[in-house]
Amino acid sequence: MRILKPEDFESKDTPRLARALLGKFLVREFRGKKRRFMITETEAYDGPFDRANHAHKGKTSRTGVMFGPSGRWYVYLVYGMHEMLNLVTGPEGYPAAILIRGVKEVSGPGRLTRVLRITRALNAKVFTKENGLYIVDIGAPVLSSKIVATPRIGVSYAGPFWSNKPYRFFIAGL
DNA sequence: TAAGTGATCTCT
DNA sequence: GAGATCACTTAA
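The opening position of the first sequence corresponds to residue 134 in this note's numbering, with each subsequent residue numbered one higher.
Below, the structure is given as structure tokens:
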């Protein structure tokens, strides 16, 4: 078992990283309790040209964290009530992130953050054990035949080219 | 199918 | 400052 490091997400191949995150475990240490959840669904938001990516219009106070180095959390509020958990990827200056949409037994990005008690307090925090939210690899890769890729959810505003890209990944049959 | 909810961004 | 929009969930 290995705790992943910020440098493990420096690649610009965001879809590949998103796919590789499946089967890893999200570990939440909160108020003295530690819980592990297997990541089962992710989405890639890949760089400045991806029109579905919040950062495609440039750096703002919200999206600035995506332009920084990999391995930070990007947490934002959507629809007035749901916090979304993303892991920033790519080298400094390349805005990209992976939305963690689901873990085993918890489907949906809004429910995930509610169950794990994740809020914007974690936004821009480095992904470490000290911050109470990190990822471990238990060394059990997911069979590629079990991984399904589809278009991302809720991004029709990005136009057909970007909204149809198969940047959503999940483990079939859970 | 649509309401709920508030931060963010794009105009004035 | 106002108005539209939004990487969702739940109840009907």
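Beta carbons: idealized from backbone N, C-alpha and C, even for Gly.
Distance from the CA of Thr147 to the CA of Ala185, rounded to the nearest whole angstrom, comes to 14 Å. In this structure, Ile268 and Ala151 do not form a Cβ contact; the two beta carbons are roughly 13 Å apart against a cut-off of 8 Å. Checking the DSSP bridge columns, you'll see Val239 partnered with Val236.
Taken atom to atom, the span from the alpha-carbon of Asn219 to that of Ala305 is near 21 Å. Per DSSP, the continuous alpha helix (DSSP H) segment holding Ala151 begins and ends at Thr147 to Ala153. By the neighbour-count definition (other C-beta atoms within 10 Å, threshold 16), Ile251 is a buried residue. Around the C-beta of Thr246, 16 or more other C-beta atoms lie within 10 Å, and the residue is accordingly described as buried. Under the three-state reduction of DSSP output, Met171 falls in the strand class. DSSP, reduced to helix, strand and coil, places Glu140 within a helical segment of the structure shown.
Where Phe163 is concerned, the enclosing beta strand (DSSP E) starts and stops at Phe158 to Phe163. A direct Cα-to-Cα measurement between Val275 and Asn256 gives close to 29 Å. At least 8 Å separates the beta-carbon of Pro181 from that of Pro139. Runs of the beta strand (DSSP E) spanning 3 or more residues and lying entirely within the region 186-230 occur at 206-211 and 215-221, in chain order. Only residues of its own chain outside the window of five on either side were considered, and among them Phe170, Met171, Thr173 and Leu307 have a CB closer than 7 Å to the CB of Lys237, listed in chain order. In its chain, beyond the 5 residues on either side, Val239 have a beta carbon closer than 8 Å to the beta carbon of Val248.
In this chain, Phe294 is not harboured by any beta strand (DSSP E); it is covered by the alpha helix (DSSP H) spanning Gly292 to Ser296.
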